[in-house]
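Asks: For the protein sequence lines, the chains are A and B, in the order given. Heads up: the first sequence runs through residues 12 to 120, numbered per the numbering used here. Heads up: the second sequence runs through residues 144 to 259, numbered per the numbering used here. Dropping the structure in here first, questions after.
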Amino acid sequence: GNSVTQMEGPVTLSEEAFLTINCTYTATGYPSLFWYVQYPGEGLQLLLKATKADDKGSNKGFEATYRKETTSFHLEKGSVQVSDSAVYFCALSRGKLIFGQGTELSVKP
Amino acid sequence: DAGVIQSPRHEVTEMGQEVTLRCKPISGHDYLFWYRQTMMRGLELLIYFNNNVPIDDSGMPEDRFSAKMPNASFSTLKIQPSEPRDSAVYFCASSDVRTGRDYEQYFGPGTRLTVT
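In structure tokens:
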């Protein structure tokens with residue numbers, strides 16, 4: 012079946028540290044892949060997307076590359092800020108969005 | 144556009160009572176989704192509609208849950224009778240497949256339900 016697996020959180024980093032949140036997927040065919048972010052007390056919002064293999068999605072300093080050979084879509088940011096503290100969800104599209112379990116990120120000043 | 148609107152934002156009720164959650168999707172969107180989020184189970188898709196018609200309700204936990212979409216601008220999720228294990232944040236989301244961006248779901252702020 013279709014599924015998404017994310018690294019477990021919480022992830023705690025100091026400001027300006029490098030961030031990686033791992034995401035791997037299982038799916039038939041070639042789904043589109045996404046990262047959504049949920050800030051405290053809010054609903055989810057789309058952060059970035061990639062619709063085919065080798066595509067790189069980017070937004071707000073975050074990047075993720077669609078790797079078909081490793082079925083991965085890892086989220087990275089070179090220098091995190093306190094304002095990046097949130098829960099990050101990896102997802103794939105197969106008629107509907109299938110979300111991973113979410114990874115909580117906490118950035119300390 | 145005001146975005147997806149949900150009401151109420153918070154609901155506290157006693158076990159056995161009926162609870163109705165409401166959602167107004169973004170105007171022009173043709174898909175509407177109801178999700179439930181808990182610490183234990185994460186984000187779960189309960190049901191989704193296309194052009195007001197339920198397409199997949201396989202995530203609805205049991206018969207106590209029902210959802211309707213009487214028109215393109217309004218949907219309800221009803222729990223009757225409510226139980227403490229229904230306590231969660233319920234999100235509504237909408238999307239517009241006609242733009243080819245059906246994957247981009249716009250979420251409402253959620254309704255935090257507490258059943259005592």
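All C-beta atoms in this analysis are idealised placements derived from N, C-alpha and C, irrespective of residue type, glycine included. From a predicted model like this one, the values you see are computed outputs, not experimental measurements.
Does DSSP put Asp199(B) in a helix, a strand or coil?
Replies: strand
Asks: Kindly list the residues whose CB is nearer than 6 angstroms to the CB of Asn194(B), restricted to its own chain and excluding five residues on each side of it in sequence; keep chain order.
Replies: Asp173
Asks: Which value, in whole angstroms, describes the spacing of the CA atoms of Gly52(A) and Gly251(B)?
Replies: For the pair Gly52(A) and Gly251(B), the Cα-to-Cα distance works out to about 11 angstroms.
Asks: In its own chain, which residues sit with a C-beta less than 8 angstroms from the C-beta of Pro197(B), not counting the 5 before and 5 after it?
Replies: Ile190, Tyr191, Ala210, Met212
Asks: Where do the N-terminal and C-terminal ends of the beta strand (DSSP E) with Thr163(B) fall, by residue?
Replies: 162-167
Asks: For Gly133(B), would you say it is in contact with chain A, using Cβ-to-Cβ distances shorter than 7 angstroms as the test?
Replies: In the structure displayed, chain B extends from 144 to 259; residue 133(B) sits before or after that span and is not available.
Asks: What residue from Trp46(A), Gln112(A), Ser104(A), Ala75(A) has the CA that sits closest to Gly40(A)'s CA?
Replies: Ser104(A)
Asks: Contact between the segment 148-160 of chain B and the segment 68-83 of chain A is defined here as three or more beta-carbon pairs at a separation below 8 angstroms; is this criterion met?
Replies: The answer is no - the segment 68-83 of chain A does not touch the segment 148-160 of chain B, with fewer than three Cβ pairs under 8 angstroms.
Asks: Can you give me the start and stop residues for the beta strand (DSSP E) that Gln149(B) sits inside?
Replies: Per DSSP, Gln149(B) belongs to the beta strand (DSSP E) from 148-150.
Asks: Closer than 9 angstroms between beta carbons: that is the criterion. Which residues of the segment 53-77 of chain A meet it against chain B?
Replies: Glu53, Gly54, Leu55, Gln56, Leu57, Lys60, Thr62
Asks: Tell me which same chain residues have a C-beta within less than 8 angstroms of the C-beta of Glu74(A), skipping the five on either side of it?
Replies: Leu59, Lys67, Gly68, Leu86, Glu87, Lys88
Asks: Would you report the Cα separation of Ser225(B) and Ser201(B), rounded to the nearest angstrom?
Replies: 19 angstroms
Asks: Verify the CB distance criterion: does Phe29(A) have a CB-CB separation below 7 angstroms to chain B?
Replies: no
Asks: Are any of the Cβ atoms in chain B nearer than 7 angstroms to that of Phe84(A)?
Replies: no
Asks: Give the straight-line distance between the Cα atoms of Gly12(A) and Thr37(A), rounded to the nearest whole angstrom.
Replies: 7 angstroms
Asks: Roughly how many angstroms lie between the CA atoms of Lys71(A) and Gly159(B), to the nearest whole one?
Replies: 45 angstroms
Asks: Could you tell me if Ser14(A) is buried or exposed, where buried requires 16 or more neighbouring beta carbons within 10 angstroms of its beta carbon?
Replies: exposed
Asks: Just mark Lys167(B) as buried or exposed, buried being the case when its beta carbon has 16 or more other beta carbons within 10 Å.
Replies: Counting of Cβ neighbours within 10 angstroms places Lys167(B) among the buried residues, the total reaching 16 or more.
Asks: Hey, is Leu175(B)'s beta-carbon within less than 7 angstroms of any beta-carbon in chain A?
Replies: No Cβ of chain A is located within less than 7 angstroms of the beta carbon of Leu175(B).
Asks: Between Glu154(B) and chain A, is any beta-carbon pair separated by less than 7 angstroms?
Replies: Contact of Glu154(B) with chain A is not assigned, every C-beta pair being separated by 7 angstroms or more.
Asks: For Pro213(B), which of helix, strand or coil comes out of DSSP?
Replies: strand
Asks: Exposed or buried, which one is Met218(B) when buried takes at least 16 other CB atoms within 10 Å?
Replies: Per the sequence shown, residue 218(B) should be read as Ser rather than Met. So Ser218(B) ends up on the buried side.
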